[in-house]
Amino acid sequence: SLESAKTLCSEHPVAVIAVGHVSNAIGALNDVQGFVTLAQENDAYSVIDGAQAAPHMMVNVKELNADFYAVSAHKCCGPTGIGVLLGRRDLLERLPPWQGGGDMIDRVSFSGTTYNELPWKFEAGTPNIADTIGFATALDYLESIDFKGAVEHEHRVHSHLTEAMLSRDKVDVLGHPDHWVSVCSFNVKGAHPTDVGTLLDQLGIAVRTGHHCAMPTMEHFGLPGTARASVAFYNSIEEVDRFLDALDRVIGMLTD
Numbered sequence: 005s006l007e008s009a010k011t012l013c014s015e016h017p018v019a020v021i022a023v024g025h026v027s028n029a030i031g032a033l034n035d036v037q038g039f040v041t042l043a044q045e046n047d048a049y050s051v052i053d054g055a056q057a058a059p060h061m062m063v064n065v066k067e068l069n070a071d072f073y074a075v076s077a078h079k080c081c082g083p084t085g086i087g088v089l090l091g092r093r094d095l096l097e098r099l100p101p102w103q104g105g106g107d108m109i110d111r112v113s114f115s116g117t118t119y120n121e122l123p124w125k126f127e128a129g130t131p132n133i134a135d136t137i138g139f140a141t142a143l144d145y146l147e148s149i150d151f152k153g154a155v156e157h158e159h160r161v162h163s164h165l166t167e168a169m170l171s172r173d174k175v176d177v178l179g180h181p182d183h184w185v186s187v188c189s190f191n192v193k194g195a196h197p198t199d200v201g202t203l204l205d206q207l208g209i210a211v212r213t214g215h216h217c218a219m220p221t222m223e224h225f226g227l228p229g230t231a232r233a234s235v236a237f238y239n240s241i242e243e244v245d246r247f248l249d250a251l252d253r254v255i256g257m258l259t260d
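Position one of the sequence shown corresponds to residue 5 (the working numbering), numbered consecutively onward.
Spelled out as structure tokens, the structure:
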């Protein structure tokens, strides 16, 4: 939490404050503006993981004023294995290359090496050409639609999902409804999330099960993992209802 971070900053020197904009595990929306301000107050750098936020809400990176903001392509209708790191130009100018290879150098000699300018000094070797083209196409698509309207539609679909899940006595939903974005992380009481996911798969419903690359979060809740239903702007109320019907069948199979 932001309050815990403030306490840590008061007790220890801090160089970097890194936080996820939205949790992929439980959909929690963090007060990233508060974390950015906290970093500025402590002469630290702010790094925001926006992978789970960028495709699901309106994000104004300039207003946020974080030092770095990261986005993945596959969460934005693009290919896997590629993403974007937005950074303040003055910081990117100061950072040294992290990888050696073609194009990241300006001149190499026995007397010394000088590095190339931005962005080439961070793009060593043969670039990921195919995925770059795919990501650019995905971004062109997102820019071509009414993205604000798409986000509003997604929020309506997500609200329908979460309200229905909270009304089921045999379902535990993680997180707080006022801070959810995109996902609904849940468990069926008395059942393992893997069993829930396997049975839903047999009914034509795809959910993610496990710790969602967030073991400390699951440890905090005392859970081995959860099942996670996710929605995007291309999902519909009718698809959510199909999921709910399938989940009710699974609940009947796994509980008394």
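C-beta atoms are modelled at their ideal positions from N, C-alpha and C, and glycine is treated no differently.
These numbers were taken from a predicted model, which means no experiment stands behind them.
- Scanning Phe151, Ala210, Val235 and Thr230 for the CA closest to the CA of His216 turns up Thr230.
- Gly31 has its alpha-carbon roughly 16 Å from the corresponding atom of Met62.
- Closest by C-alpha distance to Pro101, out of Ala74, Thr41, Gly129 and Ser115, is Gly129.
- Contact annotation: Met169 and Val175 have beta-carbon atoms nearer than 8 Å.
- Arg92 and Gly24 have their C-alpha atoms some 18 Å from each other.
- The beta-bridge partner set that DSSP reports for Val175 consists of Val192.
- In the DSSP secondary-structure assignment, Thr213 is bridged to Ala231.
- Ala154 sits in a helix when the DSSP states are folded into three classes.
- In the DSSP annotation of this structure, the continuous segment of the alpha helix (DSSP H) that includes Gly138 starts and ends at Ile133 to Ser148.
- Per DSSP, the continuous beta strand (DSSP E) segment holding Phe72 begins and ends at Phe72 to Ser76.
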